[in-house]
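Written below as structure tokens is the structure these notes are about.
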Amino acid sequence: MAEAETPNRSPEIRKDKIHNRWILFSPARSRRPSDFKAKSNPQPNNQTECPFCAGHEHECAPEIFRVPADSTNDWKIRVIQNLYPAVSRELDFQNPVSLVGDVAVSGFGFHDVVIESPVHSVNLSDLSPAQVGEVLLACKKRIEQLRSCDSIKYVQVFKNHGASAGASMSHSHSQMIALPIVPPTVSARLDSMMEYYKQTGKCSLCDIQPNELLIAESAHFISLVPFAATFAFEIWIIPRDHSSHFHEIDSEKAVDLGGLLKLMLLKMSLQLNNPPFNLLIHSSPYQDDPSNAPSTHWFLQIAPHLSGVGGFEIATGCYINPVFPEDAAKILRDVRISNNNI
């Protein structure tokens, strides 16, 4: 494990220029950064079979596609409908719900699941870089399919690992929800990035100078702890080349990203005792104004769950992070991963 002593520091409030919000860093509220661990493994893999395992395909909601496309029992990845969707693809979005004084529309949308492996005990970090790349390309393919629906404006890809992070099944999988609206947090992020571009003439992510925040890098991506990280040991993976949409990724870059993502997951698991986490892909809306392209840049976020959210965060939207990003980055940089695990 990587070790690092915490220098004596005063609390600091940092501006997150990507999301236009403030983060309060308060190291006095915590133990040493190197002592941070998840209390226990988030979801013991004591189950040997489930509906997501090979041979149980009939127990799942309808399949959308699989990889390879012509596979039978030897599939690698399956993309299926969610059996308990948050939104309904059966509803008519053009039929609004009337409420006096408020605005509502029908809960139209798509909620899909990406089963990342046919084997129950295999996690995303157990896959090879090429296999992780295949999972990313399956997400890309489904996002491109959803573009054919004119009512869909935004697709959120996410992965919940661990019960406290929202995972209801221990078999490794990701999800995506396609919505007929652009969520307010997404709009706020895009507006903040546009404002930065207007002030500087630069993309806020292209303009990042990682320095001591850098964890690792690859041919096409860098990984770092953001300057105003919302969560302790939060990680961002950012494309080196400016790109607004995740679905613009090609096969070469997907494999490259797969290797760096695998490395980050292994470092985080080893240092933090396999913590629950959310993995999020922040992309731009389908029908984004082309004039926004110079300011919008997609990225991937990994948010470990090491502490709860309290009343102050809920009331203010200002999160308290007990670990300075520079300390978290150094600890993660120093975690050594065996070549046998890469």
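Here the sequence shown stands for residues 1 to 342, numbered as in full-length UniProt numbering.
C-beta atoms are modelled at their ideal positions from N, C-alpha and C, and glycine is treated no differently.
Within the region 157 to 217, note down every full alpha helix (DSSP H) run reaching 4 residues or more, in order along the chain. 184 to 200
CA-to-CA distance, L270 to G107, given in whole angstroms: For G107 and L270, the distance between alpha carbons rounds to 40 Å.
Excluding the 5 residues flanking H242 on each side, which residues of the same chain have their C-beta closer than 7 Å to its C-beta? So the qualifying residues of the chain are C203, C206, H297.
Excluding sequence positions up to five away, which residues of its chain have a Cβ less than 6 Å from the Cβ of M176? D112, V155, V157
Would DSSP call P33 helix, strand or coil? helix
Determine the contact status of S34 and P11, defining contact as a CB-CB distance below 7 Å. If you check the CB distance, S34 and P11 do not come in under 7 Å.
Should E144 go down as buried or exposed, given a rule of 16 or more other Cβ atoms within 10 Å for buried? exposed
How big is the Cα-Cα spacing for A61 and N73? 17 Å
Can you tell which of I222, S295, P51 has its C-alpha closest to the C-alpha of residue 354? An answer regarding residue 354 cannot be provided, because it is not within the stretch 1 to 342 covered by the chain.
Per DSSP, cross-strand counterpart(s) of L263: Its beta-bridge partners do not exist; DSSP assigns none.
I need the DSSP call for I342, collapsed to helix, strand or coil. Coil, per DSSP.
Counting C-beta neighbours from all protein chains within 10 Å, is the total for Q301 16 or more, i.e. buried, or is it exposed? Burial of Q301 is indicated by the presence of at least 16 other C-beta atoms within 10 angstroms of its C-beta.
Chain-order list of residues whose beta-carbon lies under 6 Å from that of I320 (same chain, five-residue window excluded): L24, S26
For A315, the first and last residue of its enclosing alpha helix (DSSP H): It spans 311 to 316 - the alpha helix (DSSP H) in which A315 sits, taken as one unbroken run.
I believe P325 touches P210 by the beta-carbon criterion, under 8 Å. Please report the beta-carbon distance rounded to the nearest angstrom. Between P325 and P210, the beta carbon gap of about 11 Å keeps them out of contact (Cβ cut-off 8 Å).
Going by Cα to Cα distance, which pick from L179, E313, E248, R189 is closest to L137? It is E248 whose Cα lies nearest to the Cα of L137.
Extent of the continuous beta strand (DSSP E) to which P239 belongs: 235 to 239
Out of E49, S151, R66, V67, point me to the one whose CA is closest to V119's CA. E49
Ignore the nearest five residues each way along the sequence and tell me which others in L213's own chain have a CB closer than 8 Å to its CB. L224, V225, P226, F227, P325, E326, A329
Would you tell me roughly how many angstroms separate the C-alpha atoms of L256 and I222, rounded to the nearest one? Correcting the residue type first, residue 256 is Asp in the shown sequence and not Leu. Looking at the two C-alpha atoms, the distance is approximately 11 Å.
Run through the region 273 to 323 for me and flag every whole beta strand (DSSP E) of 3 or more residues, listed as ranges in chain order. 277 to 282, 299 to 304, 319 to 321
Expressed to the nearest angstrom, what Euclidean distance is found between the alpha-carbon atoms of G258 and R333? 18 Å
Return helix, strand or coil for D16, following the three-state DSSP convention. strand
State the beta-bridge partners of A54 as determined by DSSP. In the DSSP output, where bridge partners are listed per residue, A54 has none listed.
Under 7 Å Cβ to Cβ from F231, same chain only, skipping five residues before and after it: list those, please. A303, P304, N321
Residues bridged to E63 (per DSSP): I80
Skipping 5 residues on each side, what residues in its chain have a beta carbon closer than 7 Å to that of H245? The answer, listed in chain order, is S283, S284, W298.
Between D150 and I337, what straight-line distance do the alpha-carbon atoms span, to the nearest angstrom? Each residue's Cα considered, the two are about 45 Å apart.
Which residues in the same chain have their Cβ closer than 7 Å to the Cβ of I77, if we skip the five residues on either side of it in sequence? R66, V67, V114, I115, E116, E134, V135, A138
Does DSSP put I337 in a helix, a strand or coil? coil
Quick check on A104: does DSSP put it in helix, strand or coil? strand
Among T200, V122, A104, whose alpha-carbon lies nearest the alpha-carbon of K17? T200
Using only the alpha-carbon positions, how far apart do K37 and S168 sit? 22 Å
Pair within 7 Å by beta-carbon distance, K153 and V132: no
On the criterion of 16 or more Cβ atoms from any shown chain inside 10 Å, does K15 qualify as buried, or is it exposed? exposed
Using CA atoms only, rank isn't needed, just tell me which of H56, D102, A254, D92 is closest to I80. Nearest to I80 by alpha-carbon distance, out of H56, D102, A254, D92, is H56.
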